[in-house]
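What follows is a short report on a single structure.
Number of protein chains: 2
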Amino acid sequence: MSDGPAEPCTCSALRRATRALTASYDAALKPVGLRVTQFALLRYLDRLGPIPVSRLAAEAALERTTMGRNLDPLKRRGLVAITPSAEDPRARIVSLTDAGREAIVAATPYWRAAQARINARVDPATVSAVAEALIAAS
Amino acid sequence: MSDGPAEPCTCSALRRATRALTASYDAALKPVGLRVTQFALLRYLDRLGPIPVSRLAAEAALERTTMGRNLDPLKRRGLVAITPSAEDPRARIVSLTDAGREAIVAATPYWRAAQARINARVDPATVSAVAEALIAAS
DNA sequence: GCGACATAGGTGCATATACACCTATCCGAT
DNA sequence: ATCGGATAGGTGTATATGCACCTATGTCGC
Numbered sequence: 001m002s003d004g005p006a007e008p009c010t011c012s013a014l015r016r017a018t019r020a021l022t023a024s025y026d027a028a029l030k031p032v033g034l035r036v037t038q039f040a041l042l043r044y045l046d047r048l049g050p051i052p053v054s055r056l057a058a059e060a061a062l063e064r065t066t067m068g069r070n071l072d073p074l075k076r077r078g079l080v081a082i083t084p085s086a087e088d089p090r091a092r093i094v095s096l097t098d099a100g101r102e103a104i105v106a107a108t109p110y111w112r113a114a115q116a117r118i119n120a121r122v123d124p125a126t127v128s129a130v131a132e133a134l135i136a137a138s
Numbered sequence: 001m002s003d004g005p006a007e008p009c010t011c012s013a014l015r016r017a018t019r020a021l022t023a024s025y026d027a028a029l030k031p032v033g034l035r036v037t038q039f040a041l042l043r044y045l046d047r048l049g050p051i052p053v054s055r056l057a058a059e060a061a062l063e064r065t066t067m068g069r070n071l072d073p074l075k076r077r078g079l080v081a082i083t084p085s086a087e088d089p090r091a092r093i094v095s096l097t098d099a100g101r102e103a104i105v106a107a108t109p110y111w112r113a114a115q116a117r118i119n120a121r122v123d124p125a126t127v128s129a130v131a132e133a134l135i136a137a138s
């Protein structure tokens, strides 16, 4: 056991905040059975339209194989569809299904409630600025 | 595909920043074969001394069972020891081994380098303030 | 057309995280 | 002494994340 005040770890502090924030959003989205990661993924697809897995991963700044696996629960629930590309037989195109679009519509009010709750207590512009600065610094 | 600018998700933005920051710290700690989560855990033990799993989890704001599993790789490497408590046979006391203390010493310079790199680019007080505000708001 | 390299994707493995459910034990009230 | 609730911990399952390694296919130079 060392003594003296320990210098706080910036990374661990952020991880802790992310755990808390994620739990808060996940709880808000519970009624529609989506996690915030899954809802965000559906929103990407809504915004980008049908897209190969690798490009979707790049957009979300996720590792390619992570994206592949994150799609699994959404696939199982029929919220997204994976179809082979016409141009490139290697590529798999991810797209929203009608059920996926409905899930976004159903989940959005709950997500907005979570956003509103947090944004009312912490300036979202500050959070964004810190997040972007950290990404740039990493 | 909906149109219009999408309102950014505060939670997803933070998750993304955390992924980037964690990758940066993990890369810095690579020479000693520790991840930032593991290093932080060793530091908790160093600061708190021998402690039951549940109390350690509470200190780190982690779910109890998560803490149990996060200890596994450290146990396997002999950096921490788990021993039954004398007073309460239900409790398992987690403690740093000599190898664990050596690992902290070996890892600290690499961790400091990662901290310095980030802290030079993003004010750590701001990050701390945002993190604490988010935790309080969650 | 063929060979070298790049690109799209998958699988195995490991860690990080949390919930539901289980057992064992302690402790206070009767 | 015992019974009931609280507490310490483990296990099963699921998601989130990334690395190493593999296959398949496209593309470009010759």
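First to last, the protein sequences are chains A and B. Heads up: the first sequence begins at 1 in UniProt numbering, then just goes up one per residue. Heads up: the second sequence begins at 1 in UniProt numbering, then just goes up one per residue. Heads up, the beta-carbon is just placed ideally off N, CA and C, and yes, glycines get one too. This structure is a prediction, so every number in the text was calculated from the model and none was measured.
>> According to DSSP, is A:S85 part of a helix, a strand, or is it coil?
In response: Your numbering for residue 85 of chain A matches position 85 in the first sequence. Note: A:S85 maps to coil in three-state DSSP.
>> Between B:Y110 and chain A, is the shortest Cβ-Cβ distance under 8 Å, so that the two count as touching?
In response: What you label residue 110 of chain B is simply residue 110 of the second sequence in a count that begins at 1. Taking Cβ atoms only, chain A never reaches closer than 8 Å to B:Y110, which makes this a no.
>> Checking the sheet assignment: what are the DSSP bridge partners for residue 139 of chain A?
In response: Outside the shown range of chain A, which is 1 to 138, sits residue 139 of chain A, and nothing can be said about it.
>> If I measure Cβ to Cβ from A:N70 and keep anything under 8 Å in the same chain, skipping five residues before and after, which residues do I get?
In response: As a first step, residue 70 of chain A is located in the first sequence; it is residue number 70 there, counting from the start. Same-chain partners within the cutoff: T37, Q38, L41, L62.
> Does any residue of chain B bring its CB to less than 8 Å from the CB of A:D46?
Replying inline: The residue labelled residue 46 of chain A in the question sits at position 46 within the first sequence. It does: the Cβ of A:D46 has a partner Cβ on chain B nearer than 8 Å.
>> I'd like the span of the alpha helix (DSSP H) that includes A:K75, first residue to last.
In response: To locate residue 75 of chain A, count along the first sequence from 1; it is residue 75. Residues 64 to 76.
>> Could you tell me the alpha carbon to alpha carbon distance between B:I51 and A:E59, rounded to whole angstroms?
In response: Position 51 of the second sequence, counted from the first residue, corresponds to residue 51 of chain B. Position 59 of the first sequence, counted from the first residue, corresponds to residue 59 of chain A. Using only the alpha carbons, I get a separation of about 43 Å.
> Would you say residue 140 of chain A faces chain B, with C-beta separation under 8 Å as the test?
Replying inline: Outside the modelled stretch of chain A, which goes from 1 to 138, sits residue 140 of chain A, for which no answer is possible.
> Would a C-beta distance cut-off of 8 Å place A:L29 and B:L134 closer than the cut-off?
Replying inline: As a working note, residue 29 of chain A is residue 29 in the first sequence. As a working note, residue 134 of chain B is residue 134 in the second sequence. Result no, Cβ atoms of A:L29 and B:L134 do not sit closer than 8 Å.
> At a CB-CB cut-off below 9 Å, which residues of chain A make contact with B:T118?
Replying inline: If you number the second sequence from 1, residue 118 of chain B lands on position 118. The amino acid at residue 118 of chain B is misidentified as Thr; the sequence shows Ile. Near B:I118 (Cβ distances below 9 Å), the residues of chain A are T10, C11, L134, A137, S138.
> chain A beta carbons: is any one of them nearer than 8 Å to that of B:T126?
Replying inline: Here residue 126 of chain B refers to the residue found at position 126 of the second sequence. Cβ-Cβ to chain A under 8 Å: yes for B:T126.
> For the alpha helix (DSSP H) that contains B:V127, what are its first and last residues?
Replying inline: Within the second sequence, numbered from 1, the residue matching residue 127 of chain B stands at position 127. 124 to 137 is the span of the alpha helix (DSSP H), which, as asked, contains B:V127.
> If contact means a Cβ-Cβ distance below 7 Å, which residues of the segment 50 to 83 of chain A contact chain B?
Replying inline: Cβ contacts with chain B come from A61.
> For A:G78, does the count of other Cβ atoms within 10 angstroms reach 16, so buried, or fall short, so exposed?
Replying inline: Locating residue 78 of chain A in the first sequence gives position 78, counting from the first residue. A residue is called buried once 16 or more other Cβ atoms fall within 10 Å of its Cβ, and A:G78, having fewer, is exposed.
> What number of angstroms, rounded off, separates the C-alpha of B:R64 from the C-alpha of B:V80?
Replying inline: On the second sequence, position 64 is the one that residue 64 of chain B refers to. On the second sequence, position 80 is the one that residue 80 of chain B refers to. Separation of B:R64 and B:V80 (C-alpha to C-alpha, rounded to the nearest whole angstrom) is 17 Å.
> In chain A, what lies closer than 7 Å to B:S24 by C-beta?
Replying inline: In the second sequence, residue 24 of chain B corresponds to position 24, counting from 1. For B:S24, the residues of chain A that pass the 7 Å Cβ criterion are S138, in the order they occur in the chain.
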